């Protein structure tokens, strides 16, 4: 039995009172100016509002055991957790009102709250918090810090795959993390009895060999005891705990919810068991709280909340142009060696790209202890494509970490690790596996910096293999960099040779924004794969950077410009050599970076030659080829334009079919001739 002191009990009670008054006050302001016909955009508080009145114990009973340097990842209904964690109440209120002084400068709103001062974050995506808390806990473990990470989710979130992937990762890595399930009986309108096969989500803990604790009836004091044990267990290095608390939300899933799915009698009955009244009565029964003290607590809570609301109302809205800020961190060159923007050197050692990439990672891991590598088969196996060769032996399996086949889980963990100061490199073995990781990459890795108003740094490198040519068919042969480039907040690089492979990797690791590092299998120089010999270049031994966002002119010419990236650079260079004897002088631009695109180099070359061919191994529609066409038009390049890309079909298996859809040297030659009028 855990001893509960009067001071701690009163502190928890006051937090609960403050949370309830905050939620009820926000509810009043939410409906201010809204007509009887619900208009989600009207009034001083726009958007949706998910209130946690009734669920106060779930937040307070756990947060009371944490310190500001412990990390918390919560869900869309999280005002109670934020307040209990110590998030600045004024800035919280201002964010909900969409003001410039808010936690995220008005960019995140109430479902996307961040406060780096107390390591709090929440997300509007159900189940997203679980793997991120795992990553934060992993970051703490790698740094040797005695901190704990906590993840929150509702009973509905416990049916997400990320929940199970996260529990498994936390268990096998014995991480200091506590998972909290708020069982409020409803996943929007679906009752738990119809959505969950087990009566208690806490019983699922046994599947992962970790403790599972069930707290019935919104019991603050029982949760206080269980959470204390779980947090202390985590700090001792004994691994994760799953806690489920039976709770209830007094209001609808969101404000304006007609609540046709749950009987009014059910709500009325549970309101009779208001946790704040029950805690107050228990404190009075113990002689720890008088009527006068209770009145003082109520007055303090009202005063603090009212002051926060006034601050929010008095604060200015952001200027409209501020919508374009905070997509990326401040634009400063990566620290360290001087950037090189020219051609690869012509002397010195020659390395295949897979060795150059491995060397870059090793040098950065030596330079910065926060850098670590994580993915499937990356330790003993050296990675499927060899880019982690020798790293596990040099840095150990903690920093070169094999993962289960749980892409959403370990990529989400990279997001969480970055949130607590690590600089993870995480490998998605094939880009084709992207589908199971969309949320963590597109909704969190890419957006957290923006939604937090610049607070949340995401220095993550996501490496992945791209491209066809080996008859691996539709699910192992795509390029897909246009998908990543389409999402604000991601940088995308595609090296074409060994020199750029090393320099771009070092730049990516040192960048404070998420960088998707996409290497074509056919430029790696692996002994068991065919590759163009021009992909092997001289590579300096010392660290160097190739700047992100700068293309290189791989071959100068005056008649036709070919713009391309990755493997297609070598096909373009081969085509240019073939055409030299026919009197066509071809300029080849190696983009190196897809996002941000080097428009200046592209447009400058187009204006010089007046003819542009874009060659792309990605799909034709809605991709790079169309984007460059639009840029040339908008910038007044006045150039003739052609494009070659994979037609809008999945990559086929049969050799003649694959060769037909993937751009080839001969197709490039013919397109250049057509442009040149030859």
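Numbering (this note's numbering), first residue to last: 52 to 729. Glycine included, every Cβ here is placed at the ideal spot set by N, Cα and C. Predicted, not measured: the structure shown is a model, and the values here were computed from it.
Query, Result
"Expressed to the nearest angstrom, what Euclidean distance is found between the alpha-carbon atoms of residue 270 and residue 204?", "18 Å"
"Given a cut-off of 8 Å, decide if residue 490 and residue 526 are closer than it, judged by their beta-carbon atoms.", "no"
"Going by C-alpha distance, which of 418, 395, 468 and 479 is nearest residue 435?", "479"
"If you follow the alpha helix (DSSP H) that residue 357 is in, where does it begin and where does it stop?", "342-365"
"Between the C-alpha atoms of residue 276 and residue 302, what's the straight-line distance to the nearest angstrom?", "28 Å"
"Using the C-alpha atoms, what's the distance from residue 85 back to residue 253?", "40 Å"
"Taking the alpha carbon of residue 682 as the point to measure from, which residue in 554, 137 and 663 has its own alpha carbon closest?", "663"
"Ends of the beta strand (DSSP E) at residue 58?", "First-last for residue 58: 57-82, but that is the alpha helix (DSSP H), not the beta strand (DSSP E)."
"Classify residue 413: buried if its beta carbon has 16 or more other beta carbons within 10 angstroms, exposed otherwise.", "buried"
"Cα-Cα, which of 587, 610 and 568 is closest to residue 599?", "568"
"Can you tell which of 627, 576 and 409 has the C-alpha that lies nearest to the C-alpha of residue 556?", "409"
"I'd like the span of the alpha helix (DSSP H) that includes residue 621, first residue to last.", "619-631"
"In or out: residue 721 buried (at least 16 other Cβ within 10 Å) or exposed?", "exposed"
"If you draw a straight line from the C-alpha of residue 209 to the C-alpha of residue 603, how long is it?", "49 Å"
"For the structure I just gave you, are there three or more beta carbon pairs, one from the stretch 225-244 and one from the stretch 286-303, closer than 8 Å?", "yes"
"Using the Cβ count rule (16 or more neighbours within 10 Å means buried), how would you classify residue 372?", "exposed"
"Are residue 524 and residue 653 closer than 8 Å when you measure CB to CB?", "no"
"Going by DSSP, what residue range makes up the beta strand (DSSP E) through residue 406?", "Run containing residue 406: none in the beta strand (DSSP E); it sits in the alpha helix (DSSP H), 404-418."
"Please report the distance separating the alpha-carbon of residue 8 from that of residue 370.", "The structure shown does not extend to residue 8, since the chain is modelled only from 52 through 729, so no value can be given for it."
"Output the residue ranges of the beta strand (DSSP E) runs that lie fully inside the stretch 231-287 and measure 3 residues or longer, sorted by chain position.", "263-266"
"For residue 623, which residues from the same chain have a beta carbon less than 7 Å from its beta carbon, with the 5 sequence-adjacent residues on both sides left out?", "613, 615, 639, 666 and 719"
"Is residue 491 near the ligand MG, going by C-beta to nearest heavy atom under 7 Å?", "No copy of the ligand MG occurs in the structure displayed, which carries no ligand at all."
"Which of helix, strand or coil does DSSP assign to residue 704?", "coil"
"So who's on the other strand from residue 603, going by DSSP bridges?", "641"
"Answer with buried or exposed for residue 717, where buried requires no fewer than 16 other C-beta atoms within 10 angstroms of its C-beta.", "exposed"
"When DSSP labels each residue in this structure, what does residue 443 get in the three-state scheme?", "helix"
"Can you find the residues in the same chain that come closer than 8 Å, C-beta to C-beta, to residue 63, ignoring five residues on each side of it along the sequence?", "111, 112, 115, 271, 275 and 330"
"For a test of the three-state rule: what should DSSP assign to residue 376, helix, strand or coil?", "coil"
"Going by alpha carbons, who is nearest to residue 130 out of 311, 106 and 180?", "106"
"What does DSSP give as the partner residues of residue 474 in its beta bridges?", "422"
"Measure from the alpha carbon of residue 531 to the alpha carbon of each residue in 629, 696 and 631, then state which is nearest.", "696"
"With 16 other CB atoms within 10 Å as the buried threshold, where does residue 673 fall?", "exposed"
"Would you mind working out which of 558, 571 and 445 sits nearest residue 37, comparing C-alpha positions?", "There is simply no residue 37 to check, as the chain begins at 52 and stops at 729 in what is shown."
"Please give me, in chain order, every unbroken run of the beta strand (DSSP E) with length at least 3 that falls completely inside the stretch 523-596.", "542-544 and 566-571"
"Excluding the 5 residues flanking residue 459 on each side, which residues of the same chain have their C-beta closer than 8 Å to its C-beta?", "182, 212, 213, 216, 487, 488, 490 and 491"
"The alpha helix (DSSP H) spanning residue 655 covers which residue range?", "650-660"
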